[in-house]
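For the record, in the sequence shown the residue sitting at position 180 is 197 according to my numbering, with numbers rising by one throughout. Data block below; observations after.
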Amino acid sequence: MASLSRPWGTLLLLLLLLLLLPPAACRAGGVCGGEGGPLEPFDVLYADGVEAYYGGDFAGAARCLERALRSRRELRAARLRCRRRCRGQVRLAAPGPGPGGDLPFFGSLLRRAGCLRRCEEPRLGAASRHRAAEEVRADFQRRVPYSYLQRAYIQLNKLEEAANAAHTFFMANPEHMEIQQDIENYKTMAGKVSLIDREAKQHMEDYSAGVRHYDKEEYELAIVFLERALKGYYSEDEDCQIMCEGPQRFEEHEYLEYKAGLYEAIADHYMQVLACKHDCVRELATRSGRISPIENFLPLHYDYLQFAYYRVGDYIKALECAKSYLLFHPDDEDVLENAGYYEGLLEGTMDPDTIRPRKEAKMLLRRHKLESHLLQVAAAGLGYTYTEPNYWNRYGARQDEHSVPSSISSEPEDGPRLSLTKKPMTKPDRELKEGGPLLYSDVKFVYNSQQLNGTQRVLLDNVISEEQCRELHRVASGIMLAGDGYRGKTSPHTPNERFEGATVLKALKYGYEGRVPLRSARLFYDISEKARRIVESYFMLNSTLYFSYTHLVCRTALSGQQERRNDLSHPIHADNCLLDPEANECWKEPPAYTFRDYSALLYMNADFEGGEFIFTEMDAKTVTASIKPKCGRMISFSSGGENPHGVKAVTKGQRCAVALWFTLDPLYRELERIQADEVIAMLDQEHLGPSEMNINPKDEL
C-alpha cells in the first residue's frame, strides 16, 4: 500500500494548529468536537483527523476527515446561498449626480454587506473562523485528505470506502503510481468494485460521457449528455462568479498597513475579484488536480452538438449550435461551411436567418469581453500587470476524426459536400522524422513506428554483444543499491518486486576506487553514449541530444508474492507529461519531467519470466505493441503522451536494463553525466584507456 508523504511546510502548519487548539479529546464531543452549533472549520477537523491518524485512532481519523470534507462543502454551499439571497434582496443602486450622488450606491452596498452577515453568522459563526491557511487549502485542492482517508478505511477493513477514497485522490493525482497500485489491490481483495470519484465535477463527467457516445456514433445519447454538460457548465459558471466575491489577497500590501485611498482600495480589491471571475472559464475547463485546462472546452460542446444534431436529422438545432460555436471562432472555415450547408437544408421550410446562436453563449461571451476590457484598462491606468490568456484556443482536445466534429463525411452525391479535412493540430516543437542511419554496422533494425503501431518509435537489436551484457551484469551486481533512483523505495511501483539501481557516475567512482574493474565500469558510460548517438541519428534530430538521466536498473520478482498477480511491474505512464486516461489527455506540467524529449531502454538479459515492455493507447488499457526484452535489444521513442508505456509483471527472476532519458534543452543536462564526462577526461589523461567497446567513428558505417 502507498505510504503517506507530505510537504514539511504543511505538516508544520498542522502541528502548529494542533498546539494552538485544545487536544481533540478535550474539545466538546471528543475527537472532532460535537455536531451542534455553528459549522466547525474544516481546517480544524482536518488537523484532528491527521492527529488521530498518526495516533493510531483510525475510526476517529475517518470520522474527522469525513467531517472536514463535509464542512468544506457546507461552507461553500452556505456562502453561495447567502450571496444569492442577498443579491436578490438588495439591489445595488446607481450613483446619482451632484454632491452626495454616490450615497445611494454606497448605502445599498452597506445593506448588502449587512444582509450577508445576518445570513451567514447563524450557520457559520464569525467569518474569521473559516479562513484556512494557504497550505491547508492546497491540500484540499489536491485531495490529500482522501489519501489519509483511504489508509484509515483499509485499517478498518472498509474496502469499498477505501477504494473510493483512493480513486478520488488518484483522479487529481494520476502520477501517484502507488495509489494506482492500491486501487488494483482493492479490486482484487473486494472483488468487482464500482469506483466513485467523490469530488467529480458533474459537468465534466457529462461532457466526457457525451464525447464517448459521440466516438461510438451514438449521437442521440451524445446529445443528451452534452446538453446536460452545457446546462451544468452555465450553472457552475454562475457559482464560480459568486464565489469570487469572497475575500481576496493583496499581493503587494499587508492589509493592516494598507494606506491607499477609498477609490484605490476599491479598485485594487475589485480588480482581483474581476480577474477571478474572468478566470472562471479556465477553472471550469480544468480537471481536478490539473494546472492546464482542456483547451477550447466550452466551444467544443457546440462543435460536437452541431454535428450530432445533423446526424439525427435536427437541422434547426444543428444550425443553432454551429452559429453558437462561430461566436467564439467566427473564421472557422469548417463550421462556416457546415452552417451554410444546414441553411441549404432548411431553405423552403423556414428562414435560416431566424435561427440565432444560443442566448447563454452570447451573454457569456459578451461578459467575458467586457471583463477583459476592464482588466486591460486597469493594467494601463493603475499599474497592474495583466496579460490576457488565450481562453478559446481552437486546437484543443483530441484531434482524431471523431473528436473534432467539424466536417460532414457522408453526403448524398447530389448534395453539397463539406470539407473532409481535420482541423490542424498544434505544431510540434520540431519536425518529426525517423529512419536516419544507425551508425554502427552490428546494430540491427527490427521495427519502425508504423510496425510498432505508433509515432516516433524504433526497435533495434545487437546494440551490445552477449559478452558486454554479461560484463555489464557483473558490474551491476557490484554497484547497485536497493531503492537507488526511487527515493530509497525498494518497491516503488509494485510490492511484488524489488528494484535496485545505479548511475554512471557511481559506476565510475566504484571503478576508480577499485571496487569493480575500471574497464567494466567504463562500459556503462560507453554504451549509454552509443545509445544516445543512435537515437539522435535515427530520429534525424537537427540539434544535440543531451542526457537527462541515465540509470542501470534491475527489478527482481519476490518469492511467495507472485500468485494471482494482476498488477504491472511499472504502471502505464508517459515520460514527460501526466497521463490522464479518463480524459484521454497527457498534461505537460509538473511534477512530470516536461523537459524530456526522447527515451530509450537497452536490455541486458532474457532469463526471467514476464517483464514485457508494452505501449498502449492513451486509455492506458489498449495495448498497441508488446516487446520481449533480450540482451542487446533497445526500444527508443519520443517521451510525450503519444507513447504511453509500462512493464508487465516480472513473475520470476531478475530483469535488468539501462534506462536512458534525453533532452534537447541543454539547461536540463544530467549533472551526474557532466561530472562523469570530467572523470572520463581525467582517466584518459592518466592513460587508463576506454573499455573494449569503442564508440569512435571508425566503427560507423
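Ideal Cβ positions, reconstructed from N, Cα and C, are used throughout, including at glycine.
- For Ser-643, the uninterrupted beta strand (DSSP E) run begins and ends at 640-644, by DSSP.
- Assignment of Phe-564 by DSSP, reduced to helix, strand and coil, places it in the strand class.
- For Glu-602, the beta-bridge partners assigned by DSSP are Asp-597.
- If you draw a straight line from the Cα of Phe-632 to the Cα of Val-521, it comes to about 27 angstroms.
- Counted as a single uninterrupted DSSP element, the alpha helix (DSSP H) harbouring Tyr-542 occupies residues 535-555.
- In terms of Cα proximity to Leu-618, the closest of Ala-519, Arg-650, Phe-564 and Cys-99 is Arg-650.
- Within the model, the alpha-carbon separation for Asp-597 versus Trp-604 is close to 7 angstroms.
- DSSP places Ile-372 in the coil class of the three-state scheme, outside both helix and strand.
- For Gly-66, the three-state secondary structure derived from DSSP is helix.
- DSSP, read as helix, strand or coil, puts Cys-673 in strand.
- Under the three-state reduction of DSSP output, Ile-481 falls in the coil class, being neither helix nor strand.
- With respect to the C-alpha of Glu-517, the residue from Pro-534, Val-492, Cys-49 and Leu-540 having the closest C-alpha is Val-492.
- With a beta-carbon spacing of about 5 angstroms, Met-288 and Ala-395 fall inside the 8 angstroms limit used to define contacts.
- With respect to His-184, Leu-212 sits close: the two C-beta atoms are nearer than 8 angstroms.
- If you look at Pro-121, you'll find it in the alpha helix (DSSP H) that goes 120-141.
- Under DSSP, Val-667 takes part in a beta bridge, and its partners are Gly-627.
- Listed in chain order, the non-local C-beta contacts of Lys-294 below 6 angstroms within the same chain comprise Gln-258 and Cys-261, local neighbours out to five positions each way being set aside.
- Of the candidates Pro-112, Glu-300 and Asn-513, the residue whose Cα lies closest to the Cα of Gly-670 is Asn-513.
- Here the segment 300-320 lies against the segment 337-347, with 3 or more beta-carbon pairs under 8 angstroms apart.
- Remark: three or more beta-carbon pairs, one from each stretch, lie closer than 8 angstroms, so the segment 599-615 and the segment 546-563 are flagged as touching.
- Contact between Ile-652 and Glu-629 fails: their C-beta atoms lie close to 11 angstroms from each other, not under 8 angstroms.
- Note on geometry: alpha-carbon atoms of Pro-112 and Leu-133 lie some 22 angstroms from one another.
- The C-beta distance from Cys-673 to Met-621 rounds to 4 angstroms, short enough to fall under 8 angstroms.
- In the same chain as Arg-384, and ignoring 5 residues on each side of it, no C-beta atom comes closer than 6 angstroms to its own.
- Looking from the CA of Asp-320, the closest CA among Leu-498, Pro-374, Arg-96 and Gln-393 belongs to Pro-374.
- A buried status is given to Ile-311, since no fewer than 16 other beta-carbon atoms sit within 10 Å of its beta-carbon.
- Around the beta carbon of Ile-589, 16 or more other beta carbons lie within 10 angstroms, which makes this residue buried.
- Gly-398 sits in a helix when the DSSP states are folded into three classes.
- Comparing alpha-carbon positions, the option among Cys-99, Asp-584, Cys-136 and Glu-237 lying closest to Gly-330 turns out to be Glu-237.
- Rounded to whole angstroms, the separation of the alpha carbons of Asp-223 and Phe-242 is 5 angstroms.
- Phe-462 counts as exposed, since fewer than 16 other beta carbons sit within 10 angstroms of its beta carbon.
- For Tyr-163, same chain residues with a beta-carbon under 7 angstroms away, outside a window of 5 residues either side, are Ala-182, Thr-185 and Phe-186 in chain order.
- Between Leu-336 and the set Ala-149, Asp-349 and Pro-369, the nearest pair of CA atoms involves Pro-369.
- Only residues of its own chain outside the window of five on either side were considered, and among them Pro-369 have a CB closer than 6 angstroms to the CB of Glu-360, listed in chain order.
- Between Leu-176 and Ala-79, the C-beta gap is not smaller than 8 angstroms, which leaves the two residues out of contact.
- The distance from the Cβ of Leu-82 to that of Ala-149 is about 15 angstroms, inconsistent with a contact at the 8 angstroms cut-off.
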